[in-house]
Every structure is written in C-alpha cells, then in structure tokens.
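Q:
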Amino acid sequence: MSPQLLTSVVTGGAGFLGSHLTDRLLSEGHRVIAIDNLATGNASNIEHLANNRNFEFVYHDVTGCILLPDHVDFVWHFASPASPVDYLELPIPTLKVGAFGTYNALGLAKKKRAAFLLASTSECYGDPLVHPQNEDYWGNVNPIGPRGVYDESKRFAEAMTMAYHRHYQMDTKIVRIFNTYGPRMRLKDGRVVPTFIDQVLNGNPFTIFGDGSQTRSFCYVTDLIEGIYRLMASDYHQPVNIGNPSEMSILQFVREITRLTEKPSRIEFCPLPEDDPKMRRPDISRARKILGWEPKVSLEEGMQVTIDFFRTKI
Ligand code: NAD
Ligand code: UDP
Numbered sequence: 000m001s002p003q004l005l006t007s008v009v010t011g012g013a014g015f016l017g018s019h020l021t022d023r024l025l026s027e028g029h030r031v032i033a034i035d036n037l038a039t040g041n042a043s044n045i046e047h048l049a050n051n052r053n054f055e056f057v058y059h060d061v062t063g064c065i066l067l068p069d070h071v072d073f074v075w076h077f078a079s080p081a082s083p084v085d086y087l088e089l090p091i092p093t094l095k096v097g098a099f100g101t102y103n104a105l106g107l108a109k110k111k112r113a114a115f116l117l118a119s120t121s122e123c124y125g126d127p128l129v130h131p132q133n134e135d136y137w138g139n140v141n142p143i144g145p146r147g148v149y150d151e152s153k154r155f156a157e158a159m160t161m162a163y164h165r166h167y168q169m170d171t172k173i174v175r176i177f178n179t180y181g182p183r184m185r186l187k188d189g190r191v192v193p194t195f196i197d198q199v200l201n202g203n204p205f206t207i208f209g210d211g212s213q214t215r216s217f218c219y220v221t222d223l224i225e226g227i228y229r230l231m232a233s234d235y236h237q238p239v240n241i242g243n244p245s246e247m248s249i250l251q252f253v254r255e256i257t258r259l260t261e262k263p264s265r266i267e268f269c270p271l272p273e274d275d276p277k278m279r280r281p282d283i284s285r286a287r288k289i290l291g292w293e294p295k296v297s298l299e300e301g302m303q304v305t306i307d308f309f310r311t312k313i
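Per numbering that gives the first Met the number 0, residue 0 is the first one in the sequence shown, and the count goes up by one each step.
1) For the beta strand (DSSP E) that Asp35 lies in, which residues bound it at each end?
2) With respect to the beta strand (DSSP E) encompassing Asn240, which residues constitute its N-terminal and C-terminal limits?
3) With Phe99 and Ala108 assumed to form a contact (beta carbons below 8 angstroms), what rounded beta-carbon distance in angstroms separates them?
4) Quick check on Arg287: does DSSP put it in helix, strand or coil?
5) Under 7 angstroms Cβ to Cβ from Asn36, same chain only, skipping five residues before and after it: list those, please.
6) Taking the alpha-carbon positions, what's the Glu75 to Ser7 distance?
7) Specify, as a first and last residue, the run of the beta strand (DSSP E) that Tyr58 falls within.
8) Taking contact to mean at least 3 C-beta pairs separated by less than 8 angstroms, is the stretch 149-163 in contact with the stretch 113-133?
9) Check each candidate in Ile34, Leu25, Cys269 and name the one with the smallest Cα separation from Asn50.
10) Given this structure, state the Cα-to-Cα distance separating Tyr86 from Met184, to the nearest angstrom.
11) If you run the structure through DSSP and keep just helix, strand and coil, what is His166?
12) Can you tell me the Cβ-Cβ gap for Ile227 and Leu67, rounded? I've got them flagged as a contact below 8 angstroms.
13) Would you say the beta carbon of Ser297 comes nearer than 6 angstroms to a heavy atom of the ligand NAD?
14) Should Thr206 be listed as close to the ligand UDP, given that the test is whether its C-beta is under 6 angstroms from any heavy atom?
15) Quick one: grab the DSSP three-state call for Ser7.
16) What residue range does the beta strand (DSSP E) around Met247 cover?
17) Suppose contacts are defined by Cβ-Cβ distances below 7 angstroms. Is Val174 in contact with Ile241 by that definition?
18) Quick check on the burial criterion: 16 or more other C-beta atoms within 10 angstroms. Buried or exposed for Met0?
19) Please report the residue range of the beta strand (DSSP E) in which Ile45 lies.
20) Closer than 6 angstroms: is that where the CB of Thr305 sits relative to any heavy atom of the ligand UDP?
21) Could you pull the start and end residues of the alpha helix (DSSP H) that Val74 belongs to?
22) Is Asn53 near the ligand NAD, judged by its Cβ being under 6 angstroms from some heavy atom?
23) Could you check if Ser212 is buried or exposed, using at least 16 other CB atoms within 10 Å of its CB as the buried criterion?
24) Taking the continuous alpha helix (DSSP H) assigned at Lys111, which residues delimit it?
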C-alpha cells in the first residue's frame, strides 16, 4: 500500500450515500476503509470494488470501539439507519449509532488526528416552523415521538461533534443532508422515491400518506456528494445544508413519476405518519457562499437514471 495515499474511513460505507462517497474518494485517489454492519446497507453496493487494492471493507458495528492500525486522514461518519421505515424498526440501534457510533468515530478521528465529517440531516429541523430552513433555525422536534429516535440521535451527534471541535480543537464538519435519491437505494427501504418507483413499475397504486400536500425537495446523489466533498475540503465548522431547493408536494411528485414512466397508476391515500414534516426545503445560501456549491442535476435527469436503475432490480 502506497504510504502517500490519503486515507479515508467511511462509516456506513455499504449504504446508499456511503458507497457513492466511497466511489468518489477512490476516484480522487484516496485509499478508503469502509466500515459497516450491513444493518440497512447492502454488500452489492460495494461489490464492484472487491478487486480495488485501495479499498478495504471492515464488517463492524461502530457502536463498538473502532480500532484501526492504519494512518487515517479523514473520517466520514455516515453510519445510521436513514429511512423512516428503517429507524422506526430499529429505534434503539438508531439512537446507539447516533450516540456511541458518533463518539467512537470522533474518537478514531481524534486519535488519528484526522478531519471528521458528520452526516447529519434536515430532520434536525423536525416539523419546521421556519421555511425554507436555514442553519440558524433550531428546529421543531418532538423528542418523545416515534421519529425522535432519529432526530434526537442526530441532534446529539451534532452537539458531540461541536464539543469535540471546541474542546479538542478538532477539524470537524457537519452536513445537514436534505432528501437525496439515486441508484443503490434499497427498493423496499420505505422512502418515497424507491417506494413510488417500485409501485409504478409493478402497476401497483401509489401509497400517498395524508393528502399529499406535504412538501419535500429532492437532491440527486452526485450533487450531494460534490457538496459534501467540498465541505470536507473547507475550513468551515458550523453546519451546512446540502440539498436541492426545488420543492414540490408529494402529489406533484406522483405526477412527475407518472409523466417520466408514462405509466399512470391509481392513488391510495393512507394515514399520515406521526410527526411527518409538513414542508421541507433547504436554504442553501451558506453552501453557495462557503463552498461555491449548488445542485446541477434536474429532477427529470436524476429520476430517469434512478428509474432505469430500479428497472434492472425488478
Ligand atoms: P443507508 O441506510 O443506505 O446507509 C446507512 C449505512 O449505515 C448502511 O449501510 C448501514 O448498514 C450502516 N449502519 C447503520 N448502523 C450501523 C452501525 N451501528 N455500524 C456500522 N454501520 C451501520 O442510508 P443513506 O441514505 O445512505 O444515509 C447515510 C447517512 O446519511 C445516514 O447517516 C443518514 O442519516 C444521512 N442522511 C441521509 C439522507 C438521504 O436522503 N439519503 C438524508 C439525511 C441524512
Ligand atoms: N410518503 C408517502 N408515501 C410513501 C412513502 C412516503 O406519501 O409510500 C411521504 C412521507 O409521508 C413524507 C414524504 O413522502 O411526507 C417523504 O418520505 P420519506 O420516507 O422519503 O422521507 P422523509 O422526508 O419523511 O424523511
């Protein structure tokens, strides 16, 4: 192994975002150690890297101590269930990975004198009372509701990251990721993009929760990874929103998928899950200013690639 290569550790490296980040880092000439317990990820996301000598996979639950003999330059902490269906099924592991997992990942970065980036979330804003959401907004989170296991684990992870930055002068970054989609999401992970694509391709009705007036803003995965890569390269330590500010209601999203697939499907209205945020759109002024970043991929382009990916899985 060439000693001059920059070495990145990606926790959650077999997940949707972690595997795309791993690909990007390898293409930038990094050596990558992906750590994952496959709780919600998939080994198939990284199987194309099996013969890449700059890539190593470590099967490990990061709520346990992370011991690596290697030199490490960057720790990218992505391990955590991310789909509401997943974290509602895994409430305690979700809290544990946000707390102990973040503690261990920060501990690794501290020991190795590595830079650290936390994959946080727009869920820190909860069901927001400020719209669009900027990073100065403290959020409207129900700590004891079902989604609280995820929201509070990430808010705690942010608090711990800032404490390590202030107390140990560590080089830390926090990205608040807004709904991101693309190839390698699990078809059945429950999130709205794979769920609706699965439903339309199989001729099943769209399951709209509530009346479909709630809004989301969907970002394509390559745009997100570019923003995150730039954030790690920056010397900025406060949270930064990365997402696509193009907002639509879930009903509009159904119309868009119907148009792109040319397959009209029935709509089945289902109960709205508790604490489901009514609106979400990132204010990306900070990312524009600090990182010179903004999304480039339109929903139409990104969804075409994603739909084509899922066609091969059905
Ligand atoms: P994902 O479920 O595809 O990936 C998460 C990965 O973490 C999986 O491979 C899983 O097996 C792994 N993992 C979970 N617990 C672990 C543990 N204890 N030890 C080791 N590995 C563990 O989800 P994703 O969409 O790729 O999300 C990745 C990160 O980005 C998460 O931290 C998530 O909170 C954050 N995020 C994602 C989005 C999005 O829209 N995709 C939005 C906001 C935040
Ligand atoms: N949603 C829906 N039908 C589904 C899955 C999700 O109407 O089958 C809605 C969900 O209630 C939410 C939005 O789509 O308002 C986005 O849900 P997702 O699970 O993708 O992520 P969230 O943004 O809620 O974390």
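Glycine residues also receive a C-beta, built at the ideal position from the N, C-alpha and C atoms.
All of these numbers come straight from a predicted model, not from anything done at the bench.
A: Walking through what the data contain:
1) Counted from its first residue, the sequence shown places residue 35 at position 36. Judged by DSSP secondary structure, Asp35 falls within the beta strand (DSSP E) whose first and last residues are 30-35.
2) Locating residue 240 in the sequence shown gives position 241, where the first residue counts as 1. Note, Asn240: beta strand (DSSP E), 238-241.
3) Position 100 of the sequence shown, counted from the first residue, corresponds to residue 99. Position 109 of the sequence shown, counted from the first residue, corresponds to residue 108. Not really, about 15 angstroms apart at Cβ, beyond 8 angstroms.
4) Sequence index remark: in the sequence shown, residue 287 carries index 288 (1-based). Here Arg287 sits in helix by DSSP.
5) What you label residue 36 is simply residue 37 of the sequence shown in a count that begins at 1. Contacts found: Tyr58, His59, Asp60.
6) Counting from 1 along the sequence shown, the entry for residue 75 is found at position 76. Counting from 1 along the sequence shown, the entry for residue 7 is found at position 8. For clarity, residue 75 is Trp in the given sequence; the question names Glu instead. Using only the alpha carbons, I get a separation of about 7 angstroms.
7) Counted from its first residue, the sequence shown places residue 58 at position 59. Segment 54-58, the beta strand (DSSP E) holding Tyr58.
8) yes
9) Along the sequence shown, read from residue 1 onward, the residue named residue 50 stands at position 51. Nearest C-alpha to Asn50: Leu25.
10) The sequence position of residue 86 within the sequence shown is 87, counting from 1. The sequence position of residue 184 within the sequence shown is 185, counting from 1. Between Tyr86 and Met184, the C-alpha separation is close to 15 angstroms.
11) Position 167 of the sequence shown, counted from the start, is the residue given in the question as residue 166. Of the three classes helix, strand and coil, the one that applies to His166 here is helix, per DSSP.
12) Residue numbering aside, residue 227 sits at position 228 when the sequence shown is read from its first letter. Residue numbering aside, residue 67 sits at position 68 when the sequence shown is read from its first letter. 22 angstroms between Cβ atoms; not a contact.
13) Along the sequence shown, read from residue 1 onward, the residue named residue 297 stands at position 298. No; taking the cut-off as 6 angstroms, the Cβ of Ser297 has no heavy atom of the ligand NAD nearer than that.
14) Here residue 206 refers to the residue found at position 207 when the sequence shown is read from its first residue. A distance criterion of 6 angstroms places the beta-carbon of Thr206 in contact range of the ligand UDP, judged by its closest non-hydrogen atom.
15) Along the sequence shown, read from residue 1 onward, the residue named residue 7 stands at position 8. Residue state, collapsed to three classes: strand.
16) Counting from one through the sequence shown, the residue named residue 247 turns up at place 248. First-last of the beta strand (DSSP E) with Met247: 246-248.
17) In the sequence shown, the residue the question calls residue 174 occupies position 175. In the sequence shown, the residue the question calls residue 241 occupies position 242. Yes.
18) Numbered from its first residue, the sequence shown carries residue 0 at position 1. Confidence at Met0 is low in this model, with a pLDDT of 46, below 50, so its placement is unreliable and the value that follows should be read with caution. Exposed, by the Cβ-count rule.
19) Within the sequence shown, numbered from 1, the residue matching residue 45 stands at position 46. That residue, Ile45, is in no beta strand (DSSP E); it is neither H nor E in DSSP.
20) For the purposes of this step, residue 305 is taken as the residue at position 306 of the sequence shown. No; taking the cut-off as 6 angstroms, the Cβ of Thr305 has no heavy atom of the ligand UDP nearer than that.
21) Taking the first residue of the sequence shown as position 1, residue 74 is located at position 75. Membership of Val74 in any alpha helix (DSSP H) is not indicated; the residue belongs instead to the beta strand (DSSP E) covering 73-76.
22) As a working mapping, residue 53 is identified with position 54 in the sequence shown. Asn53: no, Cβ never under 6 angstroms from the ligand NAD.
23) Sequence index remark: in the sequence shown, residue 212 carries index 213 (1-based). Classification for Ser212: exposed.
24) Here residue 111 refers to the residue found at position 112 of the sequence shown. Start and end: 101-111.
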